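First residue of the sequence shown: 1, per the UniProt record's numbering; consecutive thereafter. Data block below; observations after.
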Amino acid sequence: MAYKYETIADSLRQDIKSGKYTPGELMPDQNKLAETFDTTRITIHKAIQLLIIEGMVYSKRGAGTFVRKDFGLTERRQETLVDRPLGTTQTNAGKKVTSKVLELQARLPTKREAEQLLIDEMDPVYVIRRTRYVEGKVWAYEHTIMPTSIVTLTKQVLEGSVYGYLEKNSGKKIAGSHRIISASRVTADDVAAMGATLNDPVLVINQISYMDDGQPFEVSESHFPYETSTVVADVQIH
């Protein structure tokens, strides 16, 4: 038997899929939803959390709960892990994190990149490639596409924490990401960036990250050496 918050989440999920609540729209506040479903605000909060985890909605403190602007795209992506991206620097807090910038240039986005970032095909993007090191050892090879309108990036910025710089200079907070985690084989780019051995296994994370207003700010693919890569997931049943 489903818990009441699961039943409510199902109802809200169908409302979003049917178009009752459209991408970017503010949903009724939790008190109003509690009244509608004849339940408590706590139960509504748990239902909303389920939808946040699924990538259908996001909550902005002081403003309410919104349908994600890219919901139509994220709905088509399967096997997706949703969480708050911490970035290499915060993930390895207390350790020495450095970066080698392999590429920083601007160009027009591909049609797919524009769709993922919710921008026009004439809006320029940064192309960023970095090798990240933790305590002098290779941590990851990152390939990132980011709208130039978000913030101005330089080689010096890329040598540090991009996420920290974004939150400090964009006036927004990083809210979450949609991740697809998979395994692949080392490519020639990995050999050049990480000194990896061709055709060895590599952990791959494809990610779209978004700000607290629901606007995507990066599309990235990160490769991690298999010898030092671990995926940890906390799964809450109730």
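In this text, a Cβ means the ideal position worked out from N, Cα and C, and glycines have one as well. Computed from a prediction, not measured in an experiment: that's the story for all the values here.
Query	Result
Buried or exposed by the 16-neighbour rule on C-beta atoms within 10 Å, applied to Ser184	exposed
Candidates Thr144, Leu166, Ile180: closest to Ile174 by CA position	Leu166
Start and end residues, alpha helix (DSSP H) containing Ala193	188-194
Whole-angstrom distance between Asp38 and residue 239, CA atom to CA atom	Residue 239 lies beyond the residue range present for the chain, which begins at 1 and ends at 238; the question has no answer from this structure.
Validate contact between the segment 135-144 and the segment 216-225 using beta carbons, cut 8 Å, 3 pairs	yes
Exposed unless 16 or more other CB atoms sit within 10 angstroms - verdict on Ala193	buried
Continuous alpha helix (DSSP H) stretch holding Gly111: start and end	Gly is not the amino acid found at residue 111; the sequence shown has Lys there. 111-117 is the span of the alpha helix (DSSP H), which, as asked, contains Lys111.
Pairwise C-alpha distance: Lys20 and Val67	11 Å
Arg77 - DSSP class collapsed to helix/strand/coil	Because Arg77 carries a pLDDT of 43, less than 50, the predicted location of this residue cannot be relied on, and no value is offered for it.
CA nearest to the CA of Val134, picked from Leu51, Thr98, Thr40	Thr98
Which of helix, strand or coil DSSP assigns to Gly176	strand
Alpha carbon of Ser161 to alpha carbon of Thr89, nearest angstrom	6 Å
Secondary structure, beta strand (DSSP E): runs of 3+ residues fully inside the UniProt domain "HTH gntR-type" (2-70)	57-60, 64-67
6 Å CB neighbourhood of Ile44 in its chain, flanking five on each side removed	Gln30, Leu33, Ala34
Where Asn169 falls: helix, strand or coil (DSSP)	helix
Of the listed residues Gln14, Thr148, Pro23, nearest to Asp123 (C-alpha basis)	Thr148
Residues near Val101 in its chain [Cβ-Cβ closer than 7 Å; skip 5 each side]	Arg130, Lys155, Leu158, Glu159
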